[in-house]
Amino acid sequence: MSTQTTNMKKIFIIGGTGAQGLPIVQALTQSGTYSVRILTRDPSSPRAQSLLSSASSPELVELFPGSFTSESDVRAGMANCWGAFVNIDGFATGEALEIFYTMRCYELAIEQGLEMYIHGNIDFGYKVSGYQSQFRCGHYDGKGRAGEWILMSNEAAKTESQRMKAALFTTGPYIDMALSPMTPLAPMIEKDDETGEEVVTWRLPLTENGAMPHVVLDDCGHYVKWLFDHHSEDRVDGMDLRVAMGHVRYDDMAAAFAKVTGHKARFVDVSEEEYWSPNGYWGSIASQPCGYMHAHAGAGEGNIPDGVMTIKQNFTGWWRTYQNCGEPSSRDAVAKHIGLKRDYALLDEIHPGRIRTPEEFFRREDEKARTEGRGSLWNVVVNEPRHVLKIHEDQSIFRSMKKDDA
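Put into structure tokens, the structure is as follows:
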């Protein structure tokens, strides 16, 4: 171990190879303050190996073989670390197991003497709605419940002289997903009926008044590093840092894409029935359990345990949450039922250079594509789309489906 890494604060990370984890690892390891130890099932995977090259020095990244389902792995991984960022994959575990494993990770962090713990969180929309069943979304509710428990536990321990501090890092749908295949927000490439031109089309059950507090993945690293940097401040200890670029309506999204690329784009509001058509991707997996560990355990169509949501049940609540997250009178308004609020003035203070609009995001993605030699943003979306979510890249959900079909 070099003197450089010895003098740095080591952060234990669960979820480091996920969509959100990649920019967080990059920001921490390029800071000059932190090194990371990343728990991963497969240190040889392309994503794990990419983390080594993203650091300013490879020795700042330690790939630690193991699983968050193993207490001995988590305990050993946390040993001699200063802090932790834990973002458990709810699509691996399902809702109930995510809550349990999140709680155990928090407890093990205290056991191992860590000083700062950050929980990768999502809005608890079901609770915010007043527990209206139409907004039930398992992969959000699991994180939200666990996050609330962490903050309550943290508050109860504030009288102790030696204790671990904690904060939540609350995100939402990544705007990057709106350019990526097989996500809930994936665009379609259609033909204009009159001109025959290709049109990037978002056919989504969002409604004309719906909006999403979209998160830019590359900005996540700045926010998490800020939480670690400012852990000693009273406002950070127990903070729920809720981030977003803005509450985005998809007619604005399409207009921004067309402006940046010079090609046609449109948002088409569709019914839930059309979105879940058996002929489409999401319809084809609608009856699968939400949490592919359940599928590996034998759950499948017609054989889903009580308390486990199907993909359709989970994402129906997800869509209804965002259908009620915006009003036509104000682009950044929050609706009567779902107040997924963000303090944008605070986010401007924390990250003055953050991306604030879809147009800014698309311009950056266009520049990135040209720099990488991939043509333009239009070419990337139409001809060379890439997976954003790890679940699609490693084909986990499809292995589960094949198991059920076998």
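Positions 1 to 406 (full-length UniProt numbering) are the ones given, in order, by the sequence shown. Glycine residues also receive a C-beta, built at the ideal position from the N, C-alpha and C atoms. These figures come from a predicted structure and were not determined experimentally.
Classification of residue i by the beta-carbon crowding that lies within 10 angstroms, buried from 16 upward
{"i": "residue 386", "result": "exposed"}
{"i": "residue 183", "result": "buried"}
{"i": "residue 146", "result": "buried"}
{"i": "residue 321", "result": "buried"}
{"i": "residue 80", "result": "exposed"}
{"i": "residue 234", "result": "exposed"}
{"i": "residue 187", "result": "buried"}
{"i": "residue 156", "result": "exposed"}
{"i": "residue 262", "result": "exposed"}
{"i": "residue 10", "result": "buried"}
{"i": "residue 402", "result": "Reliability fails at residue 402, whose pLDDT of 37 lies under 50, so the model's placement of it is uncertain and no value is given."}
{"i": "residue 134", "result": "exposed"}
{"i": "residue 347", "result": "buried"}
{"i": "residue 123", "result": "buried"}
{"i": "residue 17", "result": "buried"}
{"i": "residue 317", "result": "buried"}
{"i": "residue 129", "result": "buried"}
CB of residue i within 8 Å of CB of residue j, strictly
{"i": "residue 359", "j": "residue 259", "result": "yes"}
{"i": "residue 165", "j": "residue 230", "result": "no"}
{"i": "residue 114", "j": "residue 83", "result": "yes"}
{"i": "residue 226", "j": "residue 110", "result": "no"}
{"i": "residue 181", "j": "residue 275", "result": "no"}
{"i": "residue 377", "j": "residue 125", "result": "no"}
{"i": "residue 269", "j": "residue 207", "result": "yes"}
{"i": "residue 289", "j": "residue 90", "result": "no"}
{"i": "residue 189", "j": "residue 197", "result": "no"}
{"i": "residue 283", "j": "residue 308", "result": "no"}
{"i": "residue 74", "j": "residue 15", "result": "no"}
{"i": "residue 71", "j": "residue 108", "result": "yes"}
{"i": "residue 64", "j": "residue 88", "result": "no"}
Rounded C-alpha distance that separates residue i from residue j
{"i": "residue 57", "j": "residue 174", "result": "28 Å"}
{"i": "residue 112", "j": "residue 37", "result": "15 Å"}
{"i": "residue 280", "j": "residue 45", "result": "30 Å"}
{"i": "residue 315", "j": "residue 250", "result": "18 Å"}
{"i": "residue 365", "j": "residue 382", "result": "14 Å"}
{"i": "residue 32", "j": "residue 371", "result": "26 Å"}
{"i": "residue 177", "j": "residue 202", "result": "12 Å"}
{"i": "residue 7", "j": "residue 61", "result": "14 Å"}
{"i": "residue 48", "j": "residue 19", "result": "12 Å"}
{"i": "residue 120", "j": "residue 150", "result": "11 Å"}
{"i": "residue 41", "j": "residue 368", "result": "30 Å"}
{"i": "residue 211", "j": "residue 325", "result": "5 Å"}
{"i": "residue 362", "j": "residue 167", "result": "31 Å"}
{"i": "residue 273", "j": "residue 286", "result": "12 Å"}
{"i": "residue 77", "j": "residue 169", "result": "21 Å"}
{"i": "residue 160", "j": "residue 153", "result": "12 Å"}
{"i": "residue 306", "j": "residue 148", "result": "24 Å"}
{"i": "residue 354", "j": "residue 98", "result": "30 Å"}
{"i": "residue 256", "j": "residue 375", "result": "19 Å"}
{"i": "residue 12", "j": "residue 106", "result": "12 Å"}
{"i": "residue 310", "j": "residue 96", "result": "14 Å"}
{"i": "residue 254", "j": "residue 50", "result": "32 Å"}
{"i": "residue 408", "j": "residue 388", "result": "Because the chain is modelled from 1 through 406, residue 408 falls outside the range shown and cannot be assessed."}
Pick out the complete beta strand (DSSP E) segments inside the segment 169 to 217, 3 residues or longer, and give them in chain order.
188 to 191, 198 to 204 and 212 to 214
Is the segment 213 to 230 close to the segment 97 to 106, with three or more CB pairs under 8 Å?
no
Per the contact definition of three or more C-beta pairs closer than 8 Å, is the segment 211 to 220 in contact with the segment 230 to 244?
yes
Kindly confirm or deny that the segment 45 to 56 and the segment 13 to 29 touch, where touching means at least three C-beta pairs closer than 8 Å.
yes
Going along the chain, which unbroken runs of the beta strand (DSSP E) with 3 or more residues stay wholly within the segment 257 to 318?
265 to 269
Entirely enclosed beta strand (DSSP E) segments - the segment 97 to 165, minimum 3 residues:
116 to 122
Which ranges does the alpha helix (DSSP H) cover as unbroken runs of at least 4 residues, wholly within the segment 339 to 379, from first to last along the chain?
344 to 350 and 358 to 371
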